[in-house]
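1 is the number of the first residue of the sequence shown in the numbering used here; add one for each residue after it.
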Amino acid sequence: MRQIIYVGDTGSLLRRIKTNHCGGNVEGSALRQHVAEALGYNIKCEKRLSGNERKRIDLPNSQQGEKRVSDYIRSGEWRVIILDNYKIANDF
């Protein structure tokens, strides 16, 4: 899998990843979208009547892909590097 960089501004990065990104879908989480793409999924974008974009994993059943993304995030097969300096994190 290619390297995924997640930059978050929070006091507890691991808690934020577990609570905000372990569930949900690629539309609501840039991290989930990047993980899905790294796992080989294509993301399809469709325009809503409101003009906003709807993003889904391009599978007949997108929930299967979302489950695999959740499983990967929960697996702990990824690493976290916490940067204390906002400027360094912002440079990513």
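C-beta atoms are modelled at their ideal positions from N, C-alpha and C, and glycine is treated no differently.
- Between Arg54 and the set Asn61, Ser29, Pro60, Lys44, the nearest pair of CA atoms involves Lys44.
- The C-alpha of Asn20 lies about 13 Å from the C-alpha of Val69.
- Cys45 is bridged by DSSP to Lys55.
- Arg79 and Arg16 have their C-alpha atoms some 14 Å from each other.
- In the three-state reduction of the DSSP assignment, Gly65 falls in the helix class, which pools H, G and I.
- Secondary structure note for Arg16: its alpha helix (DSSP H) is the uninterrupted segment 13–21.
- Per DSSP, reduced to three states, the secondary structure at Glu27 is coil, with no helix or strand assignment.
- In the three-state scheme derived from DSSP, where H, G and I count as helix and E and B as strand, Val35 is classed as helix.
- Ser75 carries a helical assignment under DSSP once its states are collapsed to helix, strand and coil.
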